[in-house]
Amino acid sequence: NESQSLKTLLSSFVGGLGQWNFGRFIWLNPFLWIIILATICVDISQHINKSFIYLLLLANLAHISTSLVPYNDLANTIRDHPSKKESLTYDQFFSTQDFSKLKKEIEYSGEPSLAFGIHPSILVFNDIKTLDMYHSGYNLSYKHKFRNLISPTLDKNNSVRRYFDNWGGRAYLFSKDGLKSFAPTLSPNPLFDNSEIFIDVKSASEMNLKYIFSRYKISNHLENSLNQVAKTKGRVYSMYVYEFKKFRQI
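First residue of the sequence shown: 2, per the working numbering; consecutive thereafter.
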């Protein structure tokens, strides 16, 4: 694609640029526009009344504060209301009351777990130890270990394999059907109903996995040495909990 071609061209001149993530550069756009606005204000302040500059800045601030765009919805953020129909509030996203009940039901006591269909950070926030994570920097040896765990999934989807192998910051239990199984939406994605997951059982045992907390029913759980031990319907998530049969108590 065009992005890859650009990276290849730039890396031929400066090697380090081949690994530069240009997709992140767009987040600098607001800052650059502010710099341009400040430059314009400084320039025209030498020619017109400064009161006009103050009005211009106040108008700009009002526009930014009231614009209904992602990550900049001030009114709804203050009220803890989602700005879109399928968006979640922080309270809904973490669902602490629901997970508290779920932990009591399975008598959870700090065993290593995986998330499927939700972000692992939800489990972490609810004091559930996770093997998966979203992290910008962690040991390469752990990436290799986690890759062994999810290798059966990576072997079934080249797009997912490239996504993990070429980056790895998102060490998740992926679906063979794509990368969006963990999207934080109010309604579950029907694409992943009765999902199949594929893990390396030996690696799961070595990493001392005990539970998988899944938003979706896992249709092939027995093939992965998993038993369903709980199912709950919370305010947002319908959660299935699977216990790994070969868990080793340490």
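All C-beta atoms in this analysis are idealised placements derived from N, C-alpha and C, irrespective of residue type, glycine included. Because the structure is a prediction, the values reported are computed rather than measured.
According to DSSP, residues forming a beta bridge with residue i
{"i": "residue 213", "result": "115 and 243"}
{"i": "residue 208", "result": "DSSP lists no partner for residue 208."}
{"i": "residue 253", "result": "Outside the displayed range of the chain (2 to 251) lies residue 253, so it cannot be described from this structure."}
{"i": "residue 135", "result": "171"}
{"i": "residue 227", "result": "245"}
{"i": "residue 176", "result": "179"}
Residue i in three-state terms, based on DSSP
{"i": "residue 186", "result": "coil"}
{"i": "residue 149", "result": "helix"}
{"i": "residue 3", "result": "Low per-residue confidence applies at residue 3: pLDDT is 48, beneath 50, and the placement is therefore not dependable, though the value from the model is reported in the following sentence. Residue state, collapsed to three classes: helix."}
{"i": "residue 234", "result": "strand"}
{"i": "residue 47", "result": "coil"}
{"i": "residue 160", "result": "helix"}
{"i": "residue 140", "result": "coil"}
Pairwise C-alpha distance: residue j and residue i
{"i": "residue 221", "j": "residue 162", "result": "21 Å"}
{"i": "residue 3", "j": "residue 183", "result": "The predicted model places residue 3 with a pLDDT of 48, which falls under 50 and marks its position as unreliable; any figure quoted below should be read in that light. Looking at the two C-alpha atoms, the distance is approximately 28 Å."}
{"i": "residue 109", "j": "residue 174", "result": "20 Å"}
{"i": "residue 93", "j": "residue 87", "result": "11 Å"}
{"i": "residue 239", "j": "residue 40", "result": "52 Å"}
{"i": "residue 138", "j": "residue 243", "result": "29 Å"}
{"i": "residue 218", "j": "residue 64", "result": "44 Å"}
{"i": "residue 237", "j": "residue 207", "result": "33 Å"}
{"i": "residue 43", "j": "residue 26", "result": "26 Å"}
{"i": "residue 142", "j": "residue 55", "result": "55 Å"}
{"i": "residue 144", "j": "residue 189", "result": "29 Å"}
{"i": "residue 125", "j": "residue 230", "result": "20 Å"}
{"i": "residue 134", "j": "residue 169", "result": "10 Å"}
{"i": "residue 152", "j": "residue 201", "result": "7 Å"}
{"i": "residue 180", "j": "residue 59", "result": "42 Å"}
{"i": "residue 51", "j": "residue 29", "result": "28 Å"}
{"i": "residue 199", "j": "residue 224", "result": "9 Å"}
Closer than 6 Å: residue i CB and nearest the ligand PLP heavy atom
{"i": "residue 201", "result": "The ligand PLP is not part of the structure shown, which contains no ligands of any sort."}
Same chain only: Cβ atoms within 7 Å of residue i, ignoring 5 sequence neighbours per side
{"i": "residue 235", "result": "96 and 99"}
{"i": "residue 128", "result": "none"}
Other residues of its chain near residue i: CB distance less than 6 Å, five sequence neighbours each side excluded
{"i": "residue 157", "result": "177"}
{"i": "residue 46", "result": "54"}
{"i": "residue 164", "result": "none"}
*Would you be able to state if there are at least three C-beta pairs under 8 Å between the segment 96-116 and the segment 200-219?*
Output reads yes: the segment 96-116 touches the segment 200-219.
_Does the structure place the segment 144-161 close enough to the segment 119-127 that three or more beta carbon pairs sit under 8 Å?_
The segment 119-127 makes no contact with the segment 144-161: fewer than 3 CB pairs, one atom from each, lie closer than 8 Å.
*Please confirm if the segment 84-102 is in contact with the segment 193-202, defined as three or more CB-CB distances below 8 Å between the two stretches.*
no
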